[in-house]
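J.: Before I ask anything, let me first share the structure, which is written out below as structure tokens.
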Amino acid sequence: MKRKEDARVVKTREKLYEAFLSLLSKKLYEQITINEICDEAGIRRATFYKHFNDKSDFSAALARALVEKFDVAMSYSSLKVTSPEYHIEYARRLIQYLVMKEDVVNLIYKSHMLPTLVSIVIQQNYKVIKERLDICVANGRKLHADTDTVATALAGGVAALILKWFDEGKPSPEEHLVDTIAHMVRSCFIN
Numbered sequence: 017m018k019r020k021e022d023a024r025v026v027k028t029r030e031k032l033y034e035a036f037l038s039l040l041s042k043k044l045y046e047q048i049t050i051n052e053i054c055d056e057a058g059i060r061r062a063t064f065y066k067h068f069n070d071k072s073d074f075s076a077a078l079a080r081a082l083v084e085k086f087d088v089a090m091s092y093s094s095l096k097v098t099s100p101e102y103h104i105e106y107a108r109r110l111i112q113y114l115v116m117k118e119d120v121v122n123l124i125y126k127s128h129m130l131p132t133l134v135s136i137v138i139q140q141n142y143k144v145i146k147e148r149l150d151i152c153v154a155n156g157r158k159l160h161a162d163t164d165t166v167a168t169a170l171a172g173g174v175a176a177l178i179l180k181w182f183d184e185g186k187p188s189p190e191e192h193l194v195d196t197i198a199h200m201v202r203s204c205f206i207n
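Just so you know, the sequence shown maps onto residues 17 to 207 in this note's numbering.
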């Protein structure tokens, strides 16, 4: 069972995440300092270091928080985690979120830290996807490969498709990208 965090800790982290995303909409990742994040959030630097070791640790925590936010949103869905459609809807909502935050995505894309940030996101997504696939298998769903292999392929493949789509200037509608991801997800499951 996951331990509930103190409300003050949650509020502090949320303020820091919001401040970082606000700064990220204006400047590149590597140009943002911890001091700027703290100033924007109205939080002391010492408080930042009570929660995070450095900016990389902070970025990983932000990625986890965003994944949790999507998990909460998906918990209200009628789709079961064991369904390929759940994973497809999750990708759809992620793409919609990224399109909504396109200014941030563009600055991340121009950043020298893009490979590091993508690696953090892929690692976080891999963990979540693997947990969900383990549930699928435990509930009798069959995959074309073991959960580790499928989770690795989906986490990396979905990230690569989304990056390519943004890099090419979103040459097709969102729904086309979702359909491509849907085909990839469904191909991992044995009917």
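Note that CB positions come from ideal geometry on N, CA and C, so glycine has one too.
Remember, predicted model here, so these are calculated numbers, not experimental data.
What do you reckon, are the CB atoms on Val194 and Arg108 nearer than 7 Å?
T.: As a working mapping, residue 194 is identified with position 178 in the sequence shown. As a working mapping, residue 108 is identified with position 92 in the sequence shown. Result yes, Cβ atoms of Val194 and Arg108 sit closer than 7 Å.
J.: Quick one: any contact between the stretch 68 to 84 and the stretch 23 to 40, if contact means 3 or more CB pairs under 8 Å?
T.: The stretch 68 to 84 vs the stretch 23 to 40: in contact.
J.: Only counting the same chain, and skipping five residues up and downstream in sequence, which positions put a Cβ closer than 7 Å to that of Lys96?
T.: To locate residue 96, count along the sequence shown from 1; it is residue 80. Around Lys96: Tyr102.
J.: Could you compute how far the alpha carbon of Ser203 sits from the alpha carbon of Thr168?
T.: Taking the sequence shown and counting its residues from 1, the one referred to as residue 203 is at position 187. Taking the sequence shown and counting its residues from 1, the one referred to as residue 168 is at position 152. Each residue's alpha carbon lies about 14 Å from the other.
J.: To which residues does DSSP link Phe3 through a beta bridge?
T.: Residue 3 lies beyond the residue range present for the chain, which begins at 17 and ends at 207; the question has no answer from this structure.
J.: For Thr49, which residues from the same chain have a beta carbon less than 6 Å from its beta carbon, with the 5 sequence-adjacent residues on both sides left out?
T.: Taking the sequence shown and counting its residues from 1, one reaches residue 49 at position 33. Here the set comprises nothing.
J.: Considering Cα atoms alone, identify which of Ile136, Phe68, Pro100 is closest to Asn155.
T.: Within the sequence shown, the letter at position 139 stands for residue 155. Here the closest residue by C-alpha is Pro100.
J.: Please report how far the alpha carbon of Ser94 lies from the alpha carbon of Glu84, in whole angstroms.
T.: Taking the sequence shown and counting its residues from 1, the one referred to as residue 94 is at position 78. Taking the sequence shown and counting its residues from 1, the one referred to as residue 84 is at position 68. Roughly 18 Å between the two C-alpha positions.
J.: My understanding is that Ala175 touches Val137, with C-beta atoms under 8 Å, so please give their C-beta distance in whole angstroms.
T.: As a position in the sequence shown, residue 175 is number 159, starting the count at 1. As a position in the sequence shown, residue 137 is number 121, starting the count at 1. At roughly 6 Å, the Cβ-Cβ gap stays under 8 Å, so Ala175 and Val137 are in contact.
J.: Going by the beta-carbon positions, is the gap between Leu133 and Ile124 smaller than 7 Å?
T.: One-based indexing of the sequence shown puts residue 133 at position 117. One-based indexing of the sequence shown puts residue 124 at position 108. Cβ distance < 7 Å, so Leu133 and Ile124 count as in contact.
J.: How many Å lie between Lys126 and Ile151 at the Cα?
T.: Your numbering for residue 126 matches position 110 in the sequence shown. Your numbering for residue 151 matches position 135 in the sequence shown. Going from the Cα of Lys126 to the Cα of Ile151 covers about 37 Å.
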